[in-house]
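Single-structure report; data block below.
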Amino acid sequence: MTTFKPETRGQSDTLSHQSLAPLFWVVMHDDPVTTMDFVVETLIKIYGYDFQKANDVMMAIHNNGLEKVALLPLERAEFKVEITHRSARSKGFPLTCTLEPD
24 MTTFKPETRG QSDTLSHQSL APLFWVVMHD DPVTTMDFVV ETLIKIYGYD FQKANDVMMA
84 IHNNGLEKVA LLPLERAEFK VEITHRSARS KGFPLTCTLE PD
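So the sequence shown is residues 24 to 125, counted in the numbering used here.
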């Protein structure tokens, strides 16, 4: 599985060398209903990717069935999964993210 890291601006959601909190991967899963456009939009708005990288990650999810999209401390990762699921459900999509320890 290829691992993509989002572009970051300002305060980073990604791994800090000084961080002591356990880190978890947010893993986004492919499904036959969620549109590719919605996945790209989610990667941009929630995970901080630029358009090109979001499109590349979306294609990796589509081709591989799943993809690691963010490495975060547990609470932050759980929050990202929750807002991803809420956003998807509000649009009628079954998009699923899971957590995996680093």
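Quick reminder that beta carbons are idealized off the backbone N, C-alpha and C, glycines included. The structure displayed is predicted, hence computed values, not measured ones.
(1) Could you name each continuous alpha helix (DSSP H) segment of 4 residues or more that falls completely within the region 36-124, going from the start of the chain to the end?
(2) With distances taken between CB atoms, is the gap from T65 to F116 smaller than 7 Å?
(3) Please confirm whether A77 and I67 have their CB atoms less than 7 Å apart.
(4) Tell me the rounded alpha-carbon separation between A100 and M82.
(5) Could you tell me which of D125, F61, T119 and Q75 sits nearest to M51, measuring between CA atoms?
(6) Leaving out five residues before and five after D54 in sequence, what residues of the same chain have Cβ atoms less than 6 Å from its Cβ?
(7) So Y70 and A44 are in contact, right, with Cβ under 8 Å, and what is the actual spacing, rounded?
Looking at the coordinates:
(1) 59-68, 74-87 and 97-113
(2) no
(3) yes
(4) 22 Å
(5) T119
(6) P117
(7) Going by Cβ atoms, the distance from Y70 to A44 rounds to 19 Å, so no, they are not a contact pair.
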